[in-house]
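For reference, the structure discussed in these notes is given below.
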Amino acid sequence: MRQWVLSVPKRLRYFMQRDGAVLNMVLRIFLRVIAQSLQAHCPGALSVEKAALHIGAVAFIHRFGSSLNEHVHFHVCVVDGVFEEVAGDADTDSQSQ
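Oh and the sequence shown: position 85 is 85 in the numbering used here, straight run, nothing missing.
What follows is the structure in structure tokens.
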């Protein structure tokens, strides 16, 4: 498990703080870059189609800095590796009754 942190320049923080669509777009780009980095550095990932590789991550959006100033940034906990989607694997989750 690794923690990745993204902090953006002050000029961009305003737009991220005010517009949820911009915030989501920046987070998606950040996660895509992390996924590409892990796919490039995982042994055996080169022999698998990239669409079948996925990462496991939990993102935390922080909206304030330590002095309670507006400071949008991301902390993302990422599993150190990638998961391969196997064709024909059904979802094994079952509903409890």
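Note that beta-carbon positions come from the ideal geometry of N, C-alpha and C, so glycine has one too.
_DSSP-derived helix/strand/coil call for Val72_ = strand
*Please determine, among Glu70, Val5, Val82, the residue with the shortest C-alpha to C-alpha distance to Arg18.*
Glu70
*asked:* Using the three-state DSSP reduction, which class does Ala59 fall into: helix, strand or coil?
replied: Looking at Ala59 - three-state DSSP - the assignment turns out to be strand.
*asked:* Count Cβ pairs between the region 57-75 and the region 20-32 that sit closer than 8 Å; are there 3 or more?
replied: yes
*DSSP three-state assignment for Ser47, whether helix, strand or coil*: Helix at Ser47.
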